[in-house]
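Asker:
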Amino acid sequence: MTAVARTFPDYRAALLMSLEEEISGEAFFARLSSFHGGRASRALLMLAEVEAATASAIRPLAERHGLSVGDDAKLRASGQAEADGRQKMSWRELVEEMATTYPVFVQEFDAIMRLAPEEDRAKLEILVAHEVAAVRFAEMESRSDPASMAPLEEFLAAARA
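Residue numbers (my numbering): 3 to 163.
(1) Return the Cβ separation of S26 and L77 in integer angstroms, given the expectation that the two are a contact with Cβ distance under 8 Å.
(2) Rounded to the nearest angstrom, what separates A136 and P153 at their Cα positions?
(3) Closest by CA to H67, which one among E121, T102, D86?
(4) For A29 and A161, which I take to be in contact (beta-carbon distance under 8 Å), what is that distance rounded to the nearest angstrom?
(5) Among S35, F139, L117, whose alpha-carbon lies nearest the alpha-carbon of Q82?
(6) Determine the DSSP secondary structure at D73, reduced to helix, strand or coil.
(7) Along the alpha helix (DSSP H) that carries A5, what are the first and last residues, could you check?
(8) Rounding to the nearest angstrom, what Cα-Cα distance links R33 and L46 in this structure?
(9) Suppose you measure from the CA of M3 to the CA of E141; what does that come to, to the nearest Å?
(10) Could you pull out every residue in the same chain whose Cβ sits closer than 7 Å to the Cβ of A5, ignoring the five residues on either side in sequence?
(11) How about F37 and L117: are their beta carbons less than 9 Å apart?
(12) Beta carbon of E22, beta carbon of V97: below 9 Å?
(13) Put P105 into one of helix, strand or coil per three-state DSSP.
(14) Kindly list the residues whose CB is nearer than 7 Å to the CB of S144, restricted to its own chain and excluding five residues on each side of it in sequence; keep chain order.
(15) Quick one, which of R94, R138, L129, G40 has its alpha-carbon nearest A54's?
Structure (structure tokens):
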């Protein structure tokens, strides 16, 4: 199943949606980690960290544009509920779903960057970078590459720098 990229006619609405989805995404991956053990759980917790770092990086942009995030608790609950719907999926199924559906988010974040005012673009690069890291992870993990977590580790190291 390949997802179709959404279109965004309005930058501010797209920025707010992105931030809210990162907040929800952190809870999504954290909840998924509780359904798995070992390496899978560690990878999912790392994906939750990637989402959190991305949300933290773009939140100041949203605030500068006068945008208010919805209730963080509700956004987190939404992410947890989405994860609950995948509770029965195997690790392999989850990774394959990520590898086939997440590339569309790279396209979406590229489109949002093109809508953004020039002064926001450098800060928005993290949106694309975090999704590229997630896609690379999923592709590598689906091939059972033992270095699959490297893209996530590299992203987090850069985000913390």
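Ideal Cβ placement from N, Cα and C applies to all residues, glycine included.
This one's a predicted model, so the numbers in the text were calculated from it and none came from an experiment.
Answerer: Taking the geometry as given:
(1) Counting from one through the sequence shown, the residue named residue 26 turns up at place 24. Counting from one through the sequence shown, the residue named residue 77 turns up at place 75. Confirmed, about 5 Å.
(2) Translated into positions along the sequence shown, residue 136 becomes position 134. Translated into positions along the sequence shown, residue 153 becomes position 151. Going by the C-alpha atoms only, they are around 7 Å apart.
(3) In the sequence shown, the residue the question calls residue 67 occupies position 65. Measuring from the Cα of H67, the nearest candidate turns out to be E121.
(4) Against the sequence shown, residue 29 aligns to sequence position 27. Against the sequence shown, residue 161 aligns to sequence position 159. Going by Cβ atoms, the distance from A29 to A161 rounds to 18 Å, so no, they are not a contact pair.
(5) Looking up residue 82 in the sequence shown gives position 80. Nearest of S35, F139, L117 to Q82, Cα basis: S35.
(6) For this step, residue 73 is matched to residue 71 along the sequence shown. Note: D73 maps to coil in three-state DSSP.
(7) As a working note, residue 5 is residue 3 in the sequence shown. Where A5 is concerned, there is no enclosing alpha helix (DSSP H), given that its DSSP letter is neither H nor E.
(8) For the purposes of this step, residue 33 is identified with residue 31 of the sequence shown, where counting begins at 1. For the purposes of this step, residue 46 is identified with residue 44 of the sequence shown, where counting begins at 1. Looking at the two C-alpha atoms, the distance is approximately 9 Å.
(9) Here residue 3 is taken as the residue at index 1 of the sequence shown, counted from 1. Here residue 141 is taken as the residue at index 139 of the sequence shown, counted from 1. Residue placement at M3 cannot be trusted, given a pLDDT of 47 that sits under 50; what the coordinates show is reported in the next sentence. Distance between the alpha carbons of M3 and E141 is about 15 Å.
(10) Numbered from its first residue, the sequence shown carries residue 5 at position 3. Result list for A5: T103, V106, in chain order.
(11) Here the question's residue 37 lines up with position 35 in the sequence shown. Here the question's residue 117 lines up with position 115 in the sequence shown. Taking a C-beta distance under 9 Å as the contact criterion, F37 and L117 do not qualify as a contact pair.
(12) Indexing the sequence shown from 1 puts residue 22 at position 20. Indexing the sequence shown from 1 puts residue 97 at position 95. In this structure, V97 does not lie closer than 9 Å to E22 by Cβ.
(13) Counting from one through the sequence shown, the residue named residue 105 turns up at place 103. It is helical.
(14) Along the sequence shown, one-based indexing puts residue 144 at 142. Answer for S144: V97, E98, A101, listed in chain order.
(15) For the purposes of this step, residue 54 is taken as the residue at position 52 of the sequence shown. The candidate whose alpha carbon is nearest that of A54 is L129.
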